[in-house]
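**Student:** In the numbering used here, the protein residues as written are 105 to 287.
Below you'll find the structure I mean.
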């Protein structure tokens with residue numbers, strides 16, 4: 105095992121939090137839970153599949169890094185950017201999952217942490233602009249508001265934090281809901 109390099113501190117919302125602050129808190133809490141469940145592992149642990157699934161913790165990290173960039177891009181209308189552009193998604197629609205095995209733990213952790221930092225910076229705008237504005241993407245004639253896209257990001261984390269929880273317990277027995285917090 106290596107040292108945990110991911111941020112796991114949960115910053116509680118204010119007692120008068122509005123909807124935007126609460127939704128951002130919810131995503132950040134899930135990020136901290138995810139970081140705790142995937143952090144501090146070596147390549148063998150990150151690349152271990154958990155049958156019958158082919159998922160790995162490393163694949164989860166890279167997938168959620170992509171999701172952070174992709175969801176933010178869809179909400180605010182810019183390209184997801186590197187390293188997602190050069191990926192041959194046509195040849196391998198699961199590239200984010202399968203290519204993680206070629207990345208070192210440090211590369212995976214940095215990729216996810218950088219994507220989270222970009223996403224957090226972009227989502228800060230909802231504190232002043234609100235959640236009602238239209239997203240910059242249309243699905244089958246429907247343009248969701250930014251709130252819907254933020255809820256989708258929260259849902260994606262909810263699904264995958266559960267996976268990470270089970271996989272991490274299988275790796276080294278780590279269990280619990282929230283990471284230990286500073287006193």
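All C-beta atoms in this analysis are idealised placements derived from N, C-alpha and C, irrespective of residue type, glycine included.
Bear in mind the structure is a predicted one, so any value in this text is a computation, not a measurement.
From residue 117 to residue 195, what distance separates their C-alpha atoms?
**Tutor:** Whole-angstrom Cα-Cα distance: 43 Å.
**Student:** Leaving out five residues before and five after residue 161 in sequence, what residues of the same chain have Cβ atoms less than 6 Å from its Cβ?
**Tutor:** Closer than 6 Å at the Cβ level, and outside the excluded window around residue 161, lie 142, 150, 271.
**Student:** If you draw a straight line from the C-alpha of residue 197 to the C-alpha of residue 287, how long is it?
**Tutor:** Cα to Cα, the separation comes out at about 44 Å.
**Student:** Would you call residue 216 buried or exposed, if buried means 16 or more other Cβ atoms sit within 10 Å of its Cβ?
**Tutor:** Result: buried.
**Student:** How many angstroms separate the CA atom of residue 154 from the CA atom of residue 114?
**Tutor:** Roughly 28 Å separates the two Cα atoms.
**Student:** Would you decide whether residue 135 is buried or exposed? Buried here means 16 or more other CB atoms lie within 10 Å of its CB.
**Tutor:** The residue in question, residue 135, is buried, as its Cβ has 16 or more Cβ neighbours within 10 Å.
**Student:** Would residue 163 be called buried (16 or more neighbouring beta carbons within 10 Å of its own) or exposed?
**Tutor:** So residue 163 ends up on the buried side.
**Student:** Identify whether residue 286 lies in helix, strand or coil by the three-state DSSP scheme.
**Tutor:** Three-state DSSP puts residue 286 in coil, outside helix and strand.
**Student:** Just the Cα atoms here: how many angstroms apart are residue 285 and residue 245?
**Tutor:** Computed Cα separation, rounded: 44 Å.
**Student:** In the DSSP output, which residue or residues are listed as bridge partners for residue 151?
**Tutor:** According to DSSP, residue 151 bridges with nothing at all.
**Student:** Can you list, in chain order, the stretches of the alpha helix (DSSP H) that have 4 or more residues and sit fully within the stretch 180 to 246?
**Tutor:** Counting only runs of 4 or more, we get 199 to 202, 209 to 227, 230 to 233.
**Student:** Does the stretch 236 to 251 come close enough to the stretch 165 to 179 that 3 or more CB-CB pairs lie under 8 Å?
**Tutor:** Yes, they touch.
**Student:** Going by the CB atoms, is the gap between residue 207 and residue 167 shorter than 8 Å?
**Tutor:** Result no, Cβ atoms of residue 167 and residue 207 do not sit closer than 8 Å.
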